[in-house]
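For the sequence shown, my numbering begins at 5 and goes up steadily by one.
All C-beta atoms in this analysis are idealised placements derived from N, C-alpha and C, irrespective of residue type, glycine included.
First comes the structure, then the notes that go with it.
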Amino acid sequence: MIFDKRKGSLLNYIQMPLNVTTPYATNLGTGYKEDGTPTYILSHIRLTTFPVVDLIFSSLSKDAIIETEEPILELTDDNKIGYNYNVTPTEIKFGFVTVDSQRIDISTGKITKKMAKFILDKQLRNIGNVLERFVEKELAQTQFDALCYYFYKQGVDKIENHPVISLINNEKWYDITDEIQTNIKKNNGQFDEELAAMKIRTAKMWSYVPGF
């Protein structure tokens, strides 16, 4: 597959720029000028933004992970279980993972899908805790969920120095979905369609405005 892209657009959906939410306004993509510059109008719907410390993941990011990942129901040799949760030596020693003051039994090395989803809550909260440390600007709930989903896929260790975080902190709101959708090729130069699909989903989540 060939992936096409314009400034502000979704991969392969280049007729309209994506919507842009900032702490100050919500702008709806309307089209492109002859020179390819995206155009926007101010929306009557303004998404409320919050300091990241006041945000927590919602079903938007959690469901996106569940829909695209198959949980590991038996502890692997490298101590992964559920949705790629890294079980710590302490958790292995005592035979449980603590989530919201509740103990998930892993003493048999096996869990259910329901337990995997519960452990995923802990993983997403951990991602949120790291985002709190590095994201300096207010975000809408959908934007926070987009980051939780994105860095679940890309790796929490990427957050601190990631270009997307830098763009947010420098208020380059119109460049963020473009950056999210970069680097979609494998080492052999071919497009990674699974990676592209993840980045498209992230960009759509980031730019979501109810009713549009």
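Rounded to whole angstroms, the gap between the alpha carbons of Ile-204 and Leu-15 is 7 Å. One thing to note: Ile-172 has its Cβ within 8 Å of the Cβ of Lys-141. Under the three-state reduction of DSSP output, Arg-10 falls in the coil class, being neither helix nor strand.
With a 10 Å radius around the Cβ and a threshold of 16 neighbouring Cβ atoms, Pro-75 comes out buried.
In the three-state reduction of the DSSP assignment, Gln-127 falls in the helix class. DSSP places Ile-180 inside the alpha helix (DSSP H), whose first and last residues are 180-184. In the three-state DSSP reduction, Arg-50 falls in the coil class, being neither helix nor strand.
In this structure, DSSP gives Asn-90 an extended state, which the three-state scheme calls strand. By the Cβ neighbour-count rule, Thr-206 is buried, with 16 or more other Cβ atoms within 10 Å of its own.
Contact between the region 128-135 and the region 195-204 is absent: fewer than three C-beta pairs spanning the two stretches fall below 8 Å. In this structure, Ala-68 sits away from Tyr-178, with a CB-CB distance that is not shorter than 8 Å. Nearest in C-alpha terms to Lys-66, of all of Asn-187, Leu-46, Ile-123 and Ile-184, is Ile-123. Looking from the CA of Glu-95, the closest CA among Thr-80, Gly-86, Ser-111 and Ala-120 belongs to Ser-111. In the structure shown, the three-state DSSP call for Asp-109 is strand. Comparing alpha-carbon positions, the option among Gly-159, Thr-80, Met-119 and Asn-174 lying closest to Thr-102 turns out to be Met-119. In the pairwise beta carbon analysis, the region 45-62 is classified as not touching the region 181-190: fewer than three pairs are separated by under 8 Å. Contact check for Leu-143 against Thr-30 fails: the beta carbons are separated by 8 Å or more.
Contact between Glu-78 and Gly-113 is confirmed by a C-beta separation of about 6 Å, below the 8 Å threshold.
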